[in-house]
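>
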Amino acid sequence: MRIGVDLGGTKIEGIALGADVPAAIRRRVATPRDYAGTLDAIARLVAEIEAEAGRTGSVGVGIPGVVGHATGLVKNANSTWLIGRPLLADLEARLSRPVRVANDANCFTLSEAVDGAGRGLETVFGVILGTGVGGGIAIRQRVHEGPNQIAGEWGHNPLPWMTNGERAAMPACYCGKAGCVETFLSGPGFERDHERLGGGRHSSQEIVRAAAAGDPRATETLERYSDRLTRALAAVINLLDPDVIVLGGGMSNLPALPSAVSAALPRYVFSDTVLTRVVLNTHGDSSGVRGAAWLWPPDVEA
Ligand SMILES: [Zn+2]
Numbered sequence: 001m002r003i004g005v006d007l008g009g010t011k012i013e014g015i016a017l018g019a020d021v022p023a024a025i026r027r028r029v030a031t032p033r034d035y036a037g038t039l040d041a042i043a044r045l046v047a048e049i050e051a052e053a054g055r056t057g058s059v060g061v062g063i064p065g066v067v068g069h070a071t072g073l074v075k076n077a078n079s080t081w082l083i084g085r086p087l088l089a090d091l092e093a094r095l096s097r098p099v100r101v102a103n104d105a106n107c108f109t110l111s112e113a114v115d116g117a118g119r120g121l122e123t124v125f126g127v128i129l130g131t132g133v134g135g136g137i138a139i140r141q142r143v144h145e146g147p148n149q150i151a152g153e154w155g156h157n158p159l160p161w162m163t164n165g166e167r168a169a170m171p172a173c174y175c176g177k178a179g180c181v182e183t184f185l186s187g188p189g190f191e192r193d194h195e196r197l198g199g200g201r202h203s204s205q206e207i208v209r210a211a212a213a214g215d216p217r218a219t220e221t222l223e224r225y226s227d228r229l230t231r232a233l234a235a236v237i238n239l240l241d242p243d244v245i246v247l248g249g250g251m252s253n254l255p256a257l258p259s260a261v262s263a264a265l266p267r268y269v270f271s272d273t274v275l276t277r278v279v280l281n282t283h284g285d286s287s288g289v290r291g292a293a294w295l296w297p298p299d300v301e302a
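Counting in the working numbering, the sequence shown tops out at residue 302, every number present.
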């Protein structure tokens, strides 16, 4: 049995995967806003799942950050009470077993690579388009993390082939640079772009509804978004040449986004034909927690 835990900013979710494990074994609790409470909550979640399943399992945990290879300490987490803490060592001590911890975007990608939209394909680039823009790379159903543990972080590359208008706008990014892909392709970036070009201050959902009702400004905002996503993904394809790009996060639900991007990719990719598929994820909100379980891979006994 494989237990996956998704440690989110607002909730901690746990599931159990296994050939004869009921799919209904699933637990969800609010995330305590302190470190000791978070460790307690995860240990309790695992104990409850194991009690219900009547057996023990391997444990993988997805976190909004990474545990640094050199230090063993959490970094780059927006749940700030985790930063600088030896999360992996503490979890292994609490659970009395080896534990695997990975970034949540990497867990999303792994889930889709193992038995989701990227099933059976060698190289999967997973994309999160949400309040931030992240990503992950899975090669043969393993996360490719890299020595700096930032593989797949395309959100903080500059938007490629900028137009004069984009160059003039150059939105500042929280990372300290300007013009990052995230500043254009996150939900807030999409809303800012609509406002900057005279569409007014509206939520993403309102802009999508307005476009569906025939509002030309909203339609143009959607078209700019799709073109920017195409450019940013073309740069990823030129570097990684993945078999499939799996879109996730709230902004991936913009109407017809995968087909629009697929159709436009040949304009930007350094190849006459583009065989890389761009698809929506299969497992939705459950991909993170499922991928955490798959940190113990399919060909390893759990
Ligand atoms: Zn940035």
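Here a beta-carbon is modelled for each residue, glycine too, at the ideal position from N, C-alpha and C. The model shown is predicted, which means the values in this text are computed figures rather than measured ones.
(1) Under three-state DSSP, which class holds G187?
(2) Return the chain-ordered list of same chain residues with a C-beta closer than 8 Å to the C-beta of G9, the five sequence neighbours on each side being excluded.
(3) Taking only the alpha-carbon atoms, compute the straight-line gap between R55 and R119 and give it to the nearest angstrom.
(4) Is F190 buried or exposed, if buried means 16 or more other CB atoms sit within 10 Å of its CB?
(5) For ligand 1, any of its heavy atoms closer than 7 Å to the Cβ of C107?
(6) Under 8 Å Cβ to Cβ from C173, same chain only, skipping five residues before and after it: list those, please.
(7) Quick test of the definition: if touching needs 3 or more C-beta pairs under 8 Å, does the stretch 130–150 touch the stretch 103–111?
(8) Would you decide whether S252 is buried or exposed? Buried here means 16 or more other CB atoms lie within 10 Å of its CB.
(9) Along the chain, where does the beta strand (DSSP E) containing L129 start, and where does it finish?
(10) Less than 7 Å separating the Cβ of G182 from some heavy atom of ligand 1?
(11) So, helix, strand or coil for S226, using DSSP?
(12) Just the C-alpha distance for G126 and V59, rounded to the nearest angstrom, thanks.
(13) Check whether the Cβ of H156 lies closer than 7 Å to any heavy atom of ligand 1, and answer yes or no.
(14) Are the stretch 24–44 and the stretch 82–98 in contact at 8 Å, needing three or more beta carbon pairs?
(15) Any heavy atom of ligand 1 closer than 7 Å to the Cβ of K75?
(16) For ligand 1, any of its heavy atoms closer than 7 Å to the Cβ of K177?
(17) Quick one: measure Cβ to Cβ for L247 and N281, integer angstroms, because I've assumed they're closer than 8 Å.
(18) List in chain order: all unbroken alpha helix (DSSP H) runs of 4+ residues lying wholly within the stretch 9–59.
(19) Could I get the ranges of all uninterrupted alpha helix (DSSP H) runs contained in the stretch 132–199, with 4 residues as the minimum, in chain order?
(20) Hey, how far is the Cα of G130 from the Cα of S204?
(21) So, under 8 Å CB-CB, T276 and P242 are touching, yes? Tell me the CB distance rounded to an integer number of Å.
(22) Kindly give me the distance between the Cβ atoms of I49 and I3, rounded to whole angstroms, as I take these residues to be in contact under 8 Å.
(23) Opposite A102 in the DSSP bridges: which residues?
(24) Let me know the secondary structure DSSP gives L239 once reduced to three states.
(25) Cβ atoms of S186 and G132: under 8 Å apart, would you say?
With the structure as the only source:
(1) Judged by DSSP in its simplified three-state form, G187 adopts helix.
(2) So the list reads T31, P64, N78, S79, once near-sequence residues are dropped.
(3) Rounded to the nearest angstrom, the two C-alpha atoms are 28 Å apart.
(4) That one is buried.
(5) The answer is no for C107.
(6) Correct list, in chain order: H156, G179, C180, E182, T183.
(7) At 8 Å Cβ cutoff, the stretches touch.
(8) The residue is buried, with at least 16 neighbouring Cβ atoms inside 10 Å.
(9) Residues 123–129.
(10) The question names Gly, but residue 182 is Glu in the sequence shown. Indeed, a heavy atom of ligand 1 lies less than 7 Å from the Cβ.
(11) DSSP places S226 in helix when its eight states are reduced to three.
(12) Cα-Cα distance, rounded: 22 Å.
(13) At least one heavy atom of ligand 1 is nearer than 7 Å to the Cβ of H156, so yes.
(14) Judged by Cβ distances under 8 Å, the stretch 24–44 makes contact with the stretch 82–98, as three or more pairs qualify.
(15) Checking every heavy atom of ligand 1 against the Cβ of K75, none is found closer than 7 Å.
(16) Yes, the beta carbon of K177 sits closer than 7 Å to at least one heavy atom of ligand 1.
(17) Right, the Cβ-Cβ distance comes to about 6 Å (below 8 Å), so this counts as a contact.
(18) Runs found: 35–53.
(19) The qualifying runs are 164–169, 181–185, 187–196.
(20) Computed Cα separation, rounded: 11 Å.
(21) 6 Å between Cβ atoms; contact.
(22) Contact annotation, I49 with I3: C-beta distance approximately 6 Å; criterion of less than 8 Å satisfied.
(23) Beta-bridge analysis with DSSP links A102 to G62.
(24) Secondary structure at L239: helix, using DSSP grouped into helix, strand and coil.
(25) The criterion of a C-beta distance shorter than 8 Å is satisfied by G132 and S186.
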